[in-house]
Amino acid sequence: MVKEINPMETDRAAAYELWIKAPNPMVTFFKTLDVTHLIRVSKKKNLKFNMLLGYCIGKAAADIKEFYLLPVGEKLMRYDTIAVNTIVKNKVDEVSSCDILAVNDLDVFNREYLQYTSQVADSCVNRDLSDDSMVIGTSAIIDTEIDGAVGMNSGIFNNPFMIWGRYKKKMFRYYLPVSFQFHHTQMDGAHAGRFLENLQNEIRSLG
C-alpha cells in the first residue's frame, strides 16, 4: 500500500525543501563488498549469486525507515513494503524488468525470484510492483569487472539504485565493487552509509 504524506510532518521536511526541486538531487556512494561468504553459500546450496545479493539488499534496507519513503514528482509517498528489482535477459535477447517483494524468508524470496524472472524472460513483459512497494533498482553488468558506475538523473525515476559488475578475486577472498545512488530528499548520507554497512553484515551472516 502507498499513500501521499505531508513532507512537513516528517523527519525529511528540511531535506524536502532543499532537494525536491534541485537540478541534480541524486547522490552516489561507492563501496567494495566482501562477498566471499555469499559465493560459498551460492555454491554450497546451488543458489544464484544475484538472487542472494538481492535478498541481502532487501534485508539491509528493511529496518531503515527512510527506505519506505520516495519522492514522486513533487509529492512524498510512503510505502508499507520494499521490493528489489532485477534486470532479466528475455527470450528475444533484450532486457526486461522484474520486481521481487523483499521478505525475511530466503526460501520464499528464492522461489519467487525464480518464478517471476522466468515468467518475465518468457513473456518479455515487465513485472512492476511500484504501485505498492518502494522498489530498489539493481543492474548487474556481468560481462566485465567495473570499479563503479553513476546512474542517470531522469527527474522521473527517483528510486534508490545499485549497480555492480563481476566480483574480483584477491588471494582467497572475493570482492564486489558496488555503486548506490539515492535521492537526497529520501535519505541522507548517514542513512545510505548505514544501509551499505547493513548489506555487508547481511552478506556475512547469511545462513
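Residue numbers (the working numbering): 14 to 220. Note that beta-carbon positions come from the ideal geometry of N, C-alpha and C, so glycine has one too.
Between the segment 49-57 and the segment 204-214, the count of C-beta pairs closer than 8 Å stays below three; the two stretches do not touch. Beta-bridge analysis with DSSP links A26 to no other residue. DSSP links K182 through a beta bridge to Y187. Residue state for V97 is assigned as strand, using DSSP reduced to three classes. Taking L142 as the centre and dropping the five residues before and after it, the same chain places the C-beta of A96, D112, L114, V148 closer than 7 Å to its C-beta, in chain order. P190 is the residue among P190, M175, F174, M64 whose C-alpha sits nearest the C-alpha of K181. For D120, the enclosing alpha helix (DSSP H) begins and ends at 119-136. For V54, the secondary structure class from DSSP, reduced to helix, strand or coil, is helix. According to the DSSP secondary-structure assignment, V15 is paired through a beta bridge with Y92. Contact check for M90 against E17 passes: the beta carbons are separated by less than 8 Å. The distance from the Cβ of N214 to that of T151 is about 19 Å, inconsistent with a contact at the 8 Å cut-off.
F43 and G161 do touch by the CB rule: their CB atoms are close to 5 Å apart, below 8 Å.
Measuring C-alpha to C-alpha distances from E107 to each of D135, I169, N117 identifies D135 as the nearest.
Here Y29 is not near P38, since their CB atoms are 8 Å or more apart. With respect to the 8 Å criterion, F195 and V40 are classified as neighbours on the basis of their beta carbons.
Taking C-beta separations shorter than 7 Å and ignoring five residues to either side along the sequence, the partners of P84 in its chain run I33, N171, H196, T198, Q199, following chain order. With at least 16 other beta carbons inside 10 angstroms of its own, G67 counts as buried. The beta carbon of N63 sits closer than 6 Å to the beta carbons of A153 from its chain, once the five residues preceding and following it are set aside; these are given in chain order. Contact between N103 and C137 holds, with the beta-carbon distance rounding to 5 Å and staying under 8 Å.
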